[in-house]
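S.K.: Residue numbering for the sequence shown follows the numbering used here, beginning at 33 and increasing consecutively.
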Amino acid sequence: EPTAGALSCFRYDNARGAGVEYSGKHKVINLGFGFEAIDSYREDDPARRSKVREKVMLRALNKLGPITHDPLIDIEAASAPVDFLVELSPLVDDLISLNLFYRTDSMSQYSALEMTENSSGIFSRQIDFSEYSGTVNYYFSLSTPYYHYLAPASAPMHPYQFHIGKDSRAPQIYHQPLHDVLVQPFPRDVAVFVEDNVAVDTNSVLLFFEINGTYSSLNMYPGSGNWFHGQIPAKGEPGDSVVYYFSAKDLASPPNEGLSQKYRYRIGVENFDRDLIFWSVDSVGWQLDDLEFRSPPYSVSTFPGGAYPNNANVSLTLKFGLKREQLNGKWLSFWTKHEIEPEKDFGFVEFSQNGGMDWQSYSAPFTGARDQWSQQYFSLNRFYEHGSGDSLLIRFRLQTDSTQQKPMAGWFVDDIEISDQPPVTVSDKQPVLDVQHPEIAIVSIAPNPFNSMVQIIVESSAPMATRVEIFNLLGQRIIEQRVEFLAAGRHVFYWDGLDRYQRQCGSGIYLFRLSRIASQKMDDVFSPQTVKLIHLR
């Protein structure tokens with residue numbers, strides 16, 4: 033965290049920060065990490081233009097630039113001339129000109145006015161808007177013998193702006209969506225950033241949420257800056273979705289109300305996309321792995337980037353138990369691959385019904401090599417007990433002996449889920465295999481239109497590599513999933529209306545495309561099939 037006199041470049045909903053910025057006789061911005069790392073991951077397309085990074089760069093230019101200006105806020109009436117004030121960096125030498133450019137709704141182009149310096153070194157210009165109602169766009173232009181600089185850096189395409197007249201603009205609400213959780217043992221902290229063109233009514237910010245068909249709301253309390261905080265109660269069980277949104281009002285008369293979009297997270301899902309806060313790990317093993325994963329940006333593996341040691345006994349243990357009274361008909365599934373010395377070293381999936389004192393395994397251990405991701409299922413119904421207050425703990429444990437013929441990568445786990453869905457198995461009536469020309473087909477889609485989740489069933493005539501993609505009608509890819517090995521038979525894909533960044537997609541028509549691809553060259557696509565999905569929010 034920054035020391036006195038400095039600020040964090042980024043503030044997050046957990047009240048933590050990243051990077052440091054300082055302004056005094058000099059200005060410094062230190063992000064603390066690579067610029068590309070702001071919103072990209074290891075497998076990201078390097079040609080992708082990032083609006084987030086563009087915004088950060090513009091803010092950095094505005095912060096480090098030679099012009100300092102506090103943007104004007106909206107006013108209901110300009111009863112006195114409006115002051116435009118700027119301060120120049122002491123590093124500006126040989127000033128040629130500093131001009132204000134402004135334009136109202138009735139002006140076809142910007143008008144330029146020269147700024148004048150007062151005795152305090154502040155440059156100012158006044159404009160009389162007493163007879164005007166509408167929007168004012170403006171920016172500043174600085175010229176020296178060495179450079180020409182505009183503030184804001186995005187001007188004139190995106191200048192500063194303020195409005196004169198009746199306030200009809202609702203507060204803007206910004207929120208980093210909550211991620212899925214495997215269990216929800218305690219209330220979840222929720223933070224939202226609210227800003228308004230004039231002022232937010234701090235008593236008006238509300239959190240609305242729906243769990244298992246029950247709707248509730250609560251007042252959020254103000255924090256530092258424009259942040260507001262609240263909590264979603266620890267309700268729901270694996271398989272449930274929690275839908276929530278925010279509202280806020282300003283101090284206009286009558287007040288304007290802003291509503292956020294609806295957000296959703298699932299209980300019973302662990303994608304390892306952030307941290308291991310719900311897991312206990314041994315100090316020498318089990319960490320997030322950004323080199324091998326089924327869904328980006330991480331999986332969890334025994335010893336990321338290296339081989340596992342001899343005489344190891346390392347565990348990944350769920351900290352908070354699953355309520356046994358909620359396990360009726362539930363299945364545990366996860367995706368895994370492994371390189372473990374055959375019949376000498378073993379990976380176990382183990383369960384404890386007494387708080388971790390005793391552990392039991394109900395399936396054969398993982399051993400040998402499997403270099404393709406595969407999905408594994410475990411029925412939790414055996415642990416169900418009606419009205420029980422007991423909990424069930426789960427752990428993944430790798431145990432190795434004292435020898436190893438060659439370095440082994442260990443065990444990789446990703447995309448854990450607890451749900452009512454039984455495993456998808458191949459029908460007893462196998463499709464006729466045509467190994468020379470294997471085919472894959474979309475069998476059914478339900479429901480369509482859909483609101484929260486759509487199920488797409490596909491059937492393949494032989495083992496193959498496949499690619500699933502979802503596009504919007506602008507041709508933008510929303511989701512892409514490559515399956516390097518899809519066994520022959522019937523399989524199920526789900527889409528929950530979220531894009532690859534876990535953002536909610538709007539209502540509309542989307543295109544689901546299923547392709548068979550060459551296993552050695554993932555861009556060779558054969559017999560693609562495309563169907564429409566209708567998403568209603």
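Glycine included, each C-beta is placed from N, C-alpha and C at the ideal position.
Which runs of the beta strand (DSSP E) fall wholly inside the segment 114 to 195 and span at least 3 residues, in chain order?
M.R.: Runs of the beta strand (DSSP E) spanning 3 or more residues and lying entirely within the segment 114 to 195 occur at 114 to 120, 129 to 136, 143 to 146, 154 to 159, 166 to 175, 180 to 183, in chain order.
S.K.: Could you give the first and the last residue of the continuous alpha helix (DSSP H) run that contains residue 414?
M.R.: Locating residue 414 in the sequence shown gives position 382, where the first residue counts as 1. Note, residue 414: premise wrong, no alpha helix (DSSP H); not H, not E.
S.K.: Between the Cα of residue 299 and those of 448, 170, 427, spot the shortest distance and give me the residue it belongs to.
M.R.: For this step, residue 299 is matched to residue 267 along the sequence shown. Distance from the Cα of residue 299 is smallest, within the candidate group 448, 170, 427, for 448.
S.K.: Using 10 angstroms around the beta-carbon of residue 434, count the other beta-carbons present and answer buried if the total reaches 16, otherwise exposed.
M.R.: Taking the first residue of the sequence shown as 1, we reach residue 434 at position 402. Label assigned to residue 434: exposed.
S.K.: Does the Cβ-Cβ distance between residue 446 and residue 325 come in under 8 Å?
M.R.: By one-based count along the sequence shown, residue 446 stands at place 414. By one-based count along the sequence shown, residue 325 stands at place 293. Going by C-beta atoms, residue 446 is nearer than 8 Å to residue 325.
S.K.: Rounded to whole angstroms, what is the Cα-Cα separation between residue 391 and residue 348?
M.R.: Here the question's residue 391 lines up with position 359 in the sequence shown. Here the question's residue 348 lines up with position 316 in the sequence shown. Distance between the alpha carbons of residue 391 and residue 348 is about 13 Å.
S.K.: Mind checking residue 218: buried by the 16 CB within 10 Å criterion, or exposed?
M.R.: Walking along the sequence shown from the start, residue 218 turns up at place 186. Counting Cβ neighbours within 10 Å, residue 218 comes out exposed, since fewer than 16 surround it.
S.K.: With a threshold of 8 Å on Cβ separation, who are the neighbours of residue 387 within its own chain once the five nearest residues in sequence on each side are excluded?
M.R.: In the sequence shown, the residue the question calls residue 387 occupies position 355. These residues qualify, in order along the chain: 353, 423, 425.
S.K.: Using the beta-carbon count (16 or more within 10 Å), is residue 498 buried or exposed?
M.R.: Here residue 498 refers to the residue found at position 466 of the sequence shown. That one is buried.
S.K.: Candidates 428, 230, 351: which alpha carbon is nearest residue 104's?
M.R.: Working through the sequence shown from its first residue, we reach residue 104 at position 72. The candidate whose alpha carbon is nearest that of residue 104 is 230.
S.K.: Go to residue 485, then tell me how far its beta strand (DSSP E) extends in each direction, as first and last residue.
M.R.: Within the sequence shown, the letter at position 453 stands for residue 485. Careful: residue 485 lies outside any beta strand (DSSP E) and carries neither H nor E.
S.K.: Using the beta-carbon count (16 or more within 10 Å), is residue 317 buried or exposed?
M.R.: Residue mapping note: residue 317 aligns to position 285 of the sequence shown, counting from 1. Residue 317 should be labelled buried.
S.K.: Comparing C-alpha positions only, which one of 158, 204, 174 sits nearest to residue 98?
M.R.: For the purposes of this step, residue 98 is taken as residue 66 along the sequence shown, with counting starting at 1. Taking the Cα of residue 98 as reference, the smallest distance to any Cα among 158, 204, 174 is reached at 174.
S.K.: Just to confirm the assignment: which complete beta strand (DSSP E) runs, minimum length 3, are found wholly within the segment 44 to 107?
M.R.: 52 to 55, 59 to 62
S.K.: Let me confirm a value: residue 462 is counted as buried when at least 16 other C-beta atoms fall within 10 Å, else exposed. Which label applies?
M.R.: Residue 462 sits at position 430 when you count from the first residue of the sequence shown. Because the pLDDT of residue 462 is 33, which lies under 50, any placement of that residue in the model is unreliable, and the number read from its coordinates should be weighed accordingly. With fewer than 16 other Cβ atoms within 10 Å, it is exposed.
S.K.: For residue 63, which residues from the same chain have a beta carbon less than 7 Å from its beta carbon, with the 5 sequence-adjacent residues on both sides left out?
M.R.: The residue you call residue 63 lines up with position 31 of the sequence shown. These residues qualify, in order along the chain: 41, 51.
S.K.: Starting from residue 366, trace the beta strand (DSSP E) in both directions and tell me its first and last residue.
M.R.: Numbered from 1 along the sequence shown, position 334 holds the residue referred to as residue 366. 363 to 372 is the extent of the beta strand (DSSP E) around residue 366.
S.K.: Quick one, which of 76, 179, 202 has its alpha-carbon nearest residue 291's?
M.R.: Residue 291 sits at position 259 when you count from the first residue of the sequence shown. Among 76, 179, 202, the Cα nearest to that of residue 291 is on 202.
S.K.: Could you check the C-alpha separation between residue 444 and residue 510 for me, to the nearest Å?
M.R.: In the sequence shown, residue 444 corresponds to position 412, counting from 1. In the sequence shown, residue 510 corresponds to position 478, counting from 1. Cα to Cα, residue 444 sits roughly 26 Å from residue 510.
S.K.: If we count the other Cβ atoms within 10 Å of its Cβ and call it buried at 16 or more, is residue 205 buried or exposed?
M.R.: Mapped onto the sequence shown, residue 205 falls at position 173. So residue 205 ends up on the buried side.
S.K.: Quick check on this structure: which residue in 437, 360, 59, 221 has the alpha carbon closest to the alpha carbon of residue 411?
M.R.: Locating residue 411 in the sequence shown gives position 379, where the first residue counts as 1. Closest by alpha carbon: 360.
S.K.: If you run the structure through DSSP and keep just helix, strand and coil, what is residue 512?
M.R.: Stepping through the sequence shown from its first residue, residue 512 is reached at position 480. DSSP places residue 512 in strand when its eight states are reduced to three.
S.K.: Helix or strand or just coil, what does DSSP make of residue 449?
M.R.: Counted from its first residue, the sequence shown places residue 449 at position 417. Residue state, collapsed to three classes: strand.
S.K.: Note down the Cα distance separating residue 489 from residue 568, rounded to an integer number of angstroms.
M.R.: Working through the sequence shown from its first residue, we reach residue 489 at position 457. Working through the sequence shown from its first residue, we reach residue 568 at position 536. Their Cα atoms are separated by approximately 20 Å.
S.K.: Could you name the residues of the same chain whose beta carbon sits closer than 6 Å to that of residue 545, not counting the 5 residues immediately before and after it, in chain order?
M.R.: Sequence index remark: in the sequence shown, residue 545 carries index 513 (1-based). Only 501, 560, 562 meet the Cβ criterion.
S.K.: Excluding the five sequence neighbours on either side, which residues of its own chain have a C-beta within less than 7 Å of the C-beta of residue 416, listed in chain order?
M.R.: Here the question's residue 416 lines up with position 384 in the sequence shown. 356, 359, 360, listed in sequence order.
S.K.: Express the C-alpha separation of residue 53 and residue 37 in angstroms, rounding to a whole number.
M.R.: Position 5 of the sequence shown, counted from the first residue, corresponds to residue 37. Position 21 of the sequence shown, counted from the first residue, corresponds to residue 53. Straight-line Cα distance between these residues: approximately 9 Å.
S.K.: Counting pairs of Cβ atoms below 8 Å between the segment 189 to 200 and the segment 237 to 252, do you hit three or more?
M.R.: Two segments are said to touch when three or more pairs of C-beta atoms, one from each, lie closer than 8 Å; by this definition the segment 189 to 200 does not touch the segment 237 to 252.
S.K.: When DSSP labels each residue in this structure, what does residue 358 get in the three-state scheme?
M.R.: Start at 1 with the first residue of the sequence shown, and residue 358 comes out as number 326. Of the three classes helix, strand and coil, the one that applies to residue 358 here is helix, per DSSP.
S.K.: What are the boundary residues of the beta strand (DSSP E) that residue 221 is part of?
M.R.: Working through the sequence shown from its first residue, we reach residue 221 at position 189. 220 to 227 is the extent of the beta strand (DSSP E) around residue 221.
S.K.: Quick one: Cα of residue 258 to Cα of residue 279, how far?
M.R.: Against the sequence shown, residue 258 aligns to sequence position 226. Against the sequence shown, residue 279 aligns to sequence position 247. Answer to the nearest angstrom: the Cα atoms are 14 Å apart.
S.K.: Going by beta carbon distance, what residues of the same chain come within less than 7 Å of residue 96, once the five residues before and after it are set aside?
M.R.: Start at 1 with the first residue of the sequence shown, and residue 96 comes out as number 64. If the five residues before and after residue 96 are omitted, its C-beta is found closer than 7 Å to the C-beta atoms of 59, 61, all from its own chain and listed in chain order.
S.K.: I'd like to check one pair, residue 236 with residue 294: are the Cβ atoms closer than 8 Å?
M.R.: Numbered from 1 along the sequence shown, position 262 holds the residue referred to as residue 294. Numbered from 1 along the sequence shown, position 204 holds the residue referred to as residue 236. Contact flag unset, no.
S.K.: When the Cβ atoms of the segment 177 to 196 are set against those of the segment 318 to 337, are three or more pairs found closer than 8 Å?
M.R.: no
S.K.: Do residue 478 and residue 491 have their CB atoms nearer than 8 Å?
M.R.: Walking along the sequence shown from the start, residue 478 turns up at place 446. Walking along the sequence shown from the start, residue 491 turns up at place 459. Cβ distance not < 8 Å, so residue 478 and residue 491 don't count as in contact.
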